[in-house]
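Just below is one structure, and these are the notes that go with it.
Residue numbers (my numbering): 215 to 565.
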């Protein structure tokens, strides 16, 4: 049992390259189900509108020409106006020519100018991080140099393809678009994998799943891309617990003796700037490990928290282990150099 493909939709006046590409796939999948129309969608299939029966010479040339003309008329009917029908039926020689006419009509044919729109791609509201990478990759693929394009005065003979190096560069641009700190964070979190030779674009899926967590771990706010939930209106917030709590904090309850409960006015949060005034024994909110990382890596890392609550414990431990291994290896090399020096200068016992 074959899947039922719905009839292609009617094109509107404001189509884009993305919507037209999706529509093109829909048209191809729908009409290729017909055995009489399927050959026309082959890449190598061509016809000549200047010849009788479009140049078909088989016994069924007339029937084949009727099928082709019906297909071209149907595709042209999806356009908003009838003025492209003659151009599609009388001036195209392949199915790719047909779609190229439509692309030109909507002025969405990829060119070096539209390639510059790559810089405008950014994370959309409620879009997954990895979706932005695939949109950037798709944009690059759509603008790859094609056969026949003129480069430095010479036509290109083969279609260009996106290489693994291209994908690495796109992944690097993707990281920069997610956050200004994302490249430095990935250097720390994926240091081992990158040193082992894994290519950056192969880590995109894993990176996309940990963007928010890694930002919090390193003291940064996650990328702001999600739609902000609407704030409640004044008419609906009067009875909320949050507003009641604010009123209680602003107007403390009476103790029943004609005064206020002064203990409710004392700040209790460790981050309050007046907390030391009321609690001199409170611990200092300073993390030396994060302060060290901020200075050494030149990152804007938050170090105003207790060491016991540090979100970068494991990062600091990894750095300490690396430093210990380096110092141990350095000491081993020094001892080995000293041993070699002694053996060189030691007099021969037989002499």
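Ideal Cβ positions, reconstructed from N, Cα and C, are used throughout, including at glycine.
Inset, instruction - Could you name the residues that DSSP lists as bridge partners for residue 198? - result: The structure shown has nothing for residue 198, since the chain only spans 215 to 565.
Legend entry - Under 7 Å between C-beta atoms of residue 281 and residue 250: Residue numbering aside, residue 281 sits at position 67 when the chain shown is read from its first letter. Residue numbering aside, residue 250 sits at position 36 when the chain shown is read from its first letter. The answer is yes: Cβ separation under 7 Å.
Legend entry - Cα-Cα separation between residue 259 and residue 413, rounded to whole angstroms: As a working mapping, residue 259 is identified with position 45 in the chain shown. As a working mapping, residue 413 is identified with position 199 in the chain shown. Distance between the alpha carbons of residue 259 and residue 413: 39 Å.
Inset, instruction - Inspect the beta-carbon positions of residue 263 and residue 304 and report whether they are closer than 7 Å. - result: Sequence index remark: in the chain shown, residue 263 carries index 49 (1-based). Sequence index remark: in the chain shown, residue 304 carries index 90 (1-based). Contact: yes.
Inset, instruction - Would you check if the region 351 to 369 and the region 261 to 277 touch, i.e. whether three or more CB-CB distances between them fall below 8 Å? - result: no
Legend entry - Cβ-based burial, residue 501 [other Cβ within 10 Å; buried from 16]: Your numbering for residue 501 matches position 287 in the chain shown. Classification of residue 501: buried, given that the 10 Å Cβ count is 16 or more.
Legend entry - Meets three-Cβ-pair contact criterion under 8 Å: the region 381 to 388 and the region 333 to 347: yes
Inset, instruction - Assign residue 290 to buried or exposed, taking buried as 16 or more other Cβ atoms, counted over all protein chains shown, within 10 Å of its Cβ. - result: In the chain shown, residue 290 corresponds to position 76, counting from 1. Answer is buried; the Cβ neighbour count reaches 16.
Legend entry - DSSP three-state assignment for residue 544, whether helix, strand or coil: Counting from 1 along the chain shown, the entry for residue 544 is found at position 330. Three-state DSSP puts residue 544 in a helix.
Legend entry - C-beta atoms of residue 598 and residue 433 nearer than 7 Å: This structure does not reach residue 598, given that the chain is present from 215 up to 565, and the question cannot be answered.
Legend entry - Buried versus exposed, by CB contacts within 10 Å (16 or more), residue 526: Taking the chain shown and counting its residues from 1, one reaches residue 526 at position 312. Buried, by the Cβ-count rule.
Inset, instruction - With a threshold of 16 other CB atoms inside 10 Å of the CB of residue 293, please say whether the residue is buried or exposed. - result: On the chain shown, residue 293 is found 79 positions in, with the first residue counted as 1. By the neighbour-count rule (16 or more Cβ atoms within 10 Å), residue 293 is buried.
Inset, instruction - Taking the CB atoms as reference points, tell me whether residue 344 and residue 422 lie closer together than 7 Å. - result: The residue you call residue 344 lines up with position 130 of the chain shown. The residue you call residue 422 lines up with position 208 of the chain shown. Against a cut-off of 7 Å, the Cβ pair of residue 422 and residue 344 comes out as a contact.
Legend entry - Unbroken stretches of the beta strand (DSSP E), 3 residues or longer, contained in the region 240 to 302: none
Legend entry - Ordered list of alpha helix (DSSP H) runs contained in the region 365 to 433, each at least 4 residues: Listed in chain order, they are 378 to 392, 396 to 403, 405 to 409, 418 to 423 and 425 to 431.
Inset, instruction - In the DSSP assignment, find the alpha helix (DSSP H) that holds residue 348 and state where it starts and stops. - result: Counted from its first residue, the chain shown places residue 348 at position 134. It spans 343 to 356 - the alpha helix (DSSP H) in which residue 348 sits, taken as one unbroken run.
Inset, instruction - Give me the Cα-Cα distance between residue 255 and residue 246, rounded to the nearest whole angstrom. - result: In the chain shown, counting from the first residue as 1, residue 255 sits at position 41. In the chain shown, counting from the first residue as 1, residue 246 sits at position 32. In a straight line, the C-alpha of residue 255 is about 7 Å away from that of residue 246.
Legend entry - N- and C-terminal bounds of the alpha helix (DSSP H) containing residue 331: Here residue 331 is taken as the residue at index 117 of the chain shown, counted from 1. Run containing residue 331: none; DSSP gives neither H nor E here.
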